[in-house]
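J.: Pasting a structure below so you can have a look.
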Amino acid sequence: MSKIAIVGSGSWGVALATHLAKCGNEIKIWSFSEEEKKLINEERKCKFLPGLVIHENITCSNELEEVIQDTEFILHVTPSKFTREIFKQYKQYVGNKPVIICSKGFEKESLKTLDEVIKEELPTARVGALSGPSHAEEVSVAIPTVLVIASEDDEILTMIQDTFMCDEMRIYTSKDIKGVELGGALKNIIAFCAGVAAGIGLGDNTFAALITRGLNELTRLGVELGGERETFYGLSGLGDLIVTCLSEHSRNRKAGKLIGQGKTLEETKKEVGMVIESIDNIEVAYELCKRHHVDMPIVETVYQVIYEKLEPQKAVKKLMTRDKKSE
Numbered sequence: 001m002s003k004i005a006i007v008g009s010g011s012w013g014v015a016l017a018t019h020l021a022k023c024g025n026e027i028k029i030w031s032f033s034e035e036e037k038k039l040i041n042e043e044r045k046c047k048f049l050p051g052l053v054i055h056e057n058i059t060c061s062n063e064l065e066e067v068i069q070d071t072e073f074i075l076h077v078t079p080s081k082f083t084r085e086i087f088k089q090y091k092q093y094v095g096n097k098p099v100i101i102c103s104k105g106f107e108k109e110s111l112k113t114l115d116e117v118i119k120e121e122l123p124t125a126r127v128g129a130l131s132g133p134s135h136a137e138e139v140s141v142a143i144p145t146v147l148v149i150a151s152e153d154d155e156i157l158t159m160i161q162d163t164f165m166c167d168e169m170r171i172y173t174s175k176d177i178k179g180v181e182l183g184g185a186l187k188n189i190i191a192f193c194a195g196v197a198a199g200i201g202l203g204d205n206t207f208a209a210l211i212t213r214g215l216n217e218l219t220r221l222g223v224e225l226g227g228e229r230e231t232f233y234g235l236s237g238l239g240d241l242i243v244t245c246l247s248e249h250s251r252n253r254k255a256g257k258l259i260g261q262g263k264t265l266e267e268t269k270k271e272v273g274m275v276i277e278s279i280d281n282i283e284v285a286y287e288l289c290k291r292h293h294v295d296m297p298i299v300e301t302v303y304q305v306i307y308e309k310l311e312p313q314k315a316v317k318k319l320m321t322r323d324k325k326s327e
């Protein structure tokens, strides 16, 4: 039995805790909220996963030191925009423990990936990234799921593979932490676009084209930023892209659908009720493609939809009437 710290008590953090607890591990979750701590510890519930009964091997605390001490590794599962701030609060307790990034996004202000943020704050940190096609709603009820753990540290790859793998979860390994992180972050943008397409009533032909051309765009940028091309055709790229674009579980897709139906950005955020990583990711990807001179017409057009008030129907026409090209 391993003792594992999870920093973040949202749906994904609790889903991972549930899986690991069922595998026989002891899990301590950190939450900033006293209300969430009481809900987990006393009522054995998670407000983001209705119907889930919290496993007896899971406890929750508002104290980072209490959660992290005496554990073997840390799963960092906070929204991307809070990664630096929260990591600063617990980096003094990390020591030699691996920090596994389970969030999918960028730091908006610096345009950095989350492994870069962790390394900037603690250069000696041992870092990995866990990603792939996975909805918390399904992992929490043991629907078979396949993920990838990426790290340059062989010990981390072995540890995570050994700890997570069971009948309901399979883990592959990769040394391409940059590619795995970028795939997980950039696919959220295409999922948002898929939601917009659903919101204005487009069909399967459109979704297939969007996924295919979207993968092409995120691969171009991802390789430019240091990822390996093959990674974007694996679990953290194509795999995560498919599940996020096509599933009603996806909050990024739901957000795009609401925008397509005419909701404002503020109305959309309120209705979704959870952090929408794609909103910040669109801004970051737009800035990165300009900085690195990477052609990303889908990203540029959805940026105009959100921030320059381009109507979704006109955005589709703009993409469809671009200059002729070879595939």
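Each residue of the sequence shown is one higher than the one before, starting from 1 at the first, in the numbering used here.
Glycine is no exception: its CB is placed at the ideal position from the N, C-alpha and C atoms.
No experiment lies behind these values; they were computed from the predicted model shown.
For T78 and G8, what's the separation of their Cα atoms in angstroms?
T.: Straight-line Cα distance between these residues: approximately 5 angstroms.
J.: Between F192 and S278, is the Cβ-Cβ spacing less than 7 angstroms?
T.: Cβ atoms of F192 and S278: closer than 7 angstroms.
J.: Leaving out five residues before and five after S134 in sequence, what residues of the same chain have Cβ atoms less than 7 angstroms from its Cβ?
T.: Excluding positions up to five away in sequence, the list reads T145 and L147.
J.: On the premise that L122 lies in contact with V141, defined as a C-beta separation below 8 angstroms, what is that separation, rounded to the nearest angstrom?
T.: In fact, because the Cβ distance is near 35 angstroms, the residues do not count as touching under 8 angstroms.
J.: Short check: CB of V99 to CB of S131, under 7 angstroms?
T.: Not in contact: V99 and S131 (Cβ atoms no closer than 7 angstroms).
J.: What are the boundary residues of the beta strand (DSSP E) that V127 is part of?
T.: Its beta strand (DSSP E) spans residues V127 to S131.
J.: Closest to C245 by CA distance: which of G262, T212 and V272 is it?
T.: Comparing Cα positions, the closest option is T212.
J.: Going by Cα to Cα distance, which pick from L241, G226, I4 and L49 is closest to M274?
T.: Of the candidates L241, G226, I4 and L49, the one whose C-alpha sits nearest the C-alpha of M274 is L49.
J.: Look up V316 in the DSSP assignment and say whether it is helix, strand or coil.
T.: It is helical.
J.: Residue ranges of each alpha helix (DSSP H) run of no fewer than 4 residues wholly in the stretch 2 to 36, ordered along the chain?
T.: Those alpha helix (DSSP H) runs which fall completely within the stretch 2 to 36 and span 4+ residues are 11 to 22.
J.: If we ignore side chains and look at the alpha-carbon of each, how far apart do L20 and I4 end up?
T.: Computed Cα separation, rounded: 9 angstroms.
J.: Starting from L75, trace the beta strand (DSSP E) in both directions and tell me its first and last residue.
T.: Residues F73 to H76.
J.: Taking the CB atoms as reference points, tell me whether A136 and S11 lie closer together than 7 angstroms.
T.: Yes. Within cutoff.
J.: For V99, does the three-state DSSP call read helix, strand or coil?
T.: If DSSP states are grouped into helix, strand and coil, V99 belongs with the strands.
J.: According to DSSP, what are the bridge partners of M169?
T.: Note: M169 sits in a beta bridge opposite T145 and C166.
J.: Taking a contact to mean a Cβ-Cβ separation below 7 angstroms, would you say L16 touches L75 in this structure?
T.: Yes, these two residues count as a Cβ contact at 7 angstroms.
J.: Quick one: Cα of I156 to Cα of I177, how far?
T.: Going by the C-alpha atoms only, they are around 12 angstroms apart.
J.: Hey, could you find the ends of the alpha helix (DSSP H) S278 is sitting in?
T.: It spans E277 to R291 - the alpha helix (DSSP H) in which S278 sits, taken as one unbroken run.
J.: Count Cβ pairs between the stretch 254 to 266 and the stretch 54 to 67 that sit closer than 8 angstroms; are there 3 or more?
T.: No: the two stretches stay apart, fewer than three of their Cβ pairs being nearer than 8 angstroms.
J.: Based on Cα-Cα distance, which residue from E287, K324 and A255 lies nearest to V272?
T.: Of the listed residues, the one whose Cα sits closest to V272 is A255.
J.: The alpha helix (DSSP H) with T83 in it runs from where to where?
T.: Run containing T83: T83 to Y90, per the alpha helix (DSSP H) assignment.
J.: Measuring straight from C-alpha to C-alpha, what distance separates G203 and M320?
T.: When rounded, the distance between both Cα atoms is 15 angstroms.
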